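Right, one structure below, let's go through it.
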Amino acid sequence: MGRDRSLGERGGFVRFWTAETVSGFGSAITAIALQWLIVDTLGRGSDVTGMVNAARWLPYMIFGLLAGVIIDRLRRRPVLVITDLGRGLLLMAIPALALAGLLSVPSLIIFMIIFGMLSLANDAASQSILPRLVPRHQLPAANARIDQAAAVVQVAGPALGGSLVKLITAPWAVLVDAASYLASAVLTLIVRVEEPPPRRDDTAGRLRRIGREAADGLRWVYGHRMLMPLALNTNTWFICNAAANAVLVPYVYQQLGFGAAAFGLAMAAGGVGALIGALFAVRLGAAFGIGRVVVAALIGYPIGWALIALCPGNGWPGWLTFGTAQFILGLVGGAENTNSLAYRQMITPDELQGRTNAIMRSTNRAMIVVGALAGGFLAEALGDRTVLWGIAAGFAVVAIALALSPFRTARLDDVSQHG
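For the sequence shown, the tail end lands on 419 under full-length UniProt numbering, and the numbers increase by one without skipping.
Set out below in structure tokens:
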């Protein structure tokens, strides 16, 4: 029996990891640039950031379950390549419209809906291809490696994004993300992965199977003793997080008085925290149990958002408080995400990977639509700080609920139990 290869020796995983890192770097820049475009270039507030954020995730609410079933019937690599190319070309249109003076809130919403459709297919294929690139026992380490790279991106991306917005304005900073998606498509094209041929069905049979297989995926996720509380808890977490993201940039820009560069630099502290959390995530999960680590990490979210709500106005005290909060949020996010995702991938059979990932992502992103709209409009009615305090309370409920569920005892050896 041959020696088990390390992740670094698996060429397919290395190329996939590189592609994910490159596109993630551009996305971190756009996360700053797009929000700043709304509040600065277009002069709008939390209600519009909420609508644009909701548009980005609306396709997950409508097509999410169907996408998972379809992805399970396709080779994943071509899906990744085509959707990355599409997203790159789409983002290139934003600076073009800005140059022509045609960029508006309706055009941004349309772009984000199309972008969301491409991302839906890409996300389902991305998480489903990883178990084909590495053996199951290396999935926690592979997810940790991806999260570590994402954390590095979070350190450099926001700081660079803020600087680019200041130097060349927000619409043009989006071009960097467009280039990153095109580069990711090229890198993914050369990934070597063994995939079975696509399944062929007659039309009527295929429609029946799509409904049945989507139902199977729902039963697996929401009928599993350990996955159900994790899924419901994650759904609620996404409502709170989406509401927070709808409020954050208008709050920082209008009430704290940060410029784009200062905001990006403070956000980079979250990347430092995420890197540390991801570096220790696997060892913590193995030592204390995945469930306990995830629950402990969730406690950090209400602390971080309470600090953001407490931030004083313009100046160093406010900036340091905001940066500290971002560090805490990144730290707990790095530890929590690696362990919860690896657990779900390890315990789910390969034939259910695509629809399970799509179900989780579609329901979570449906919650983003709800949370983004609610957060944006509530902030306009009640004020940003009031909504931020409500968000901190919501995250506290999320942590307590999972701590009282069976998932708190989840461990790696649960992989031998399927329901």
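Ideal placement from N, C-alpha and C gives every residue a C-beta, glycine not left out. Small disclaimer: the values here were computed from a predicted structure and weren't measured.
Residue i beta carbon near the ligand SAH (any heavy atom closer than 6 Å)
i: A124; result: As for the ligand SAH, it is missing from this structure, which has no ligand bound.
Under the three-state DSSP convention, the category residue i falls into
i: H137; result: helix
i: D72; result: coil
i: R192; result: coil
i: I299; result: coil
i: G419; result: The predicted position of G419 is uncertain, since its pLDDT is 44 and thus under 50; a value taken from the coordinates is nonetheless stated next. In this structure, G419 counts as coil in the three-state DSSP scheme.
i: C311; result: coil
i: E20; result: helix
i: M226; result: coil
i: R44; result: coil
i: A410; result: coil
i: R145; result: helix
i: T83; result: helix
i: R10; result: coil
i: G101; result: coil
i: T169; result: coil
i: R15; result: helix
Limits of the alpha helix (DSSP H) - the one that residue i falls within
i: F288; result: A260 to F288
i: G257; result: Premise fails: G257 is in no alpha helix (DSSP H) and is neither H nor E.
i: R344; result: W316 to I347
i: I391; result: D384 to A403
Buried/exposed call for residue i, threshold 16 Cβ in 10 Å
i: V186; result: exposed
i: S362; result: buried
i: P106; result: exposed
i: R316; result: It is worth fixing the name first, because residue 316 is Trp in this sequence and not Arg. Classification for W316: exposed.
i: H224; result: buried
i: L34; result: buried
i: L336; result: A small fix is needed here, since residue 336 is Glu in this sequence, not Leu. So E336 ends up on the buried side.
i: A142; result: buried
i: R292; result: buried
i: Q254; result: exposed
i: A31; result: buried
i: P406; result: exposed
i: E213; result: buried
i: E20; result: buried
i: L402; result: buried
i: G354; result: buried
i: A287; result: exposed
CB contact check: residue i to chain D, cutoff 7 Å
i: L404; result: Absent from the structure: chain D. Only one protein chain is present.
Given 8 Å as the limit, is there contact between the region 234 to 252 and the region 40 to 56, that is, 3 or more CB pairs closer than that?
yes
Cβ contact check for the region 55 to 69 and the region 365 to 378: 3 or more pairs under 8 Å
yes
Below 8 Å, can you find three or more Cβ-Cβ pairs linking the region 82 to 93 to the region 178 to 193?
yes
Pairs of beta-carbons, one from the region 285 to 303 and one from the region 106 to 120, closer than 8 Å: are there three or more?
no
Is it a yes or a no for the region 344 to 358 touching the region 272 to 283, going by three-plus beta-carbon pairs under 8 Å?
no
Touch check for the region 145 to 162 and the region 11 to 24: three-plus C-beta pairs under 8 Å?
yes
Between the region 307 to 315 and the region 333 to 342, are three or more C-beta pairs nearer than 8 Å?
no
I want to know whether the region 394 to 412 touches the region 228 to 242 - three or more CB-CB distances under 8 Å.
yes
Any chance the region 137 to 152 sits against the region 257 to 268, with 3 or more Cβ pairs inside 8 Å?
no
Taking one C-beta from the region 69 to 83 and one from the region 121 to 139 each time, how about it: are there three or more such pairs within less than 8 Å?
yes
Would you check if the region 87 to 103 and the region 170 to 178 touch, i.e. whether three or more CB-CB distances between them fall below 8 Å?
yes
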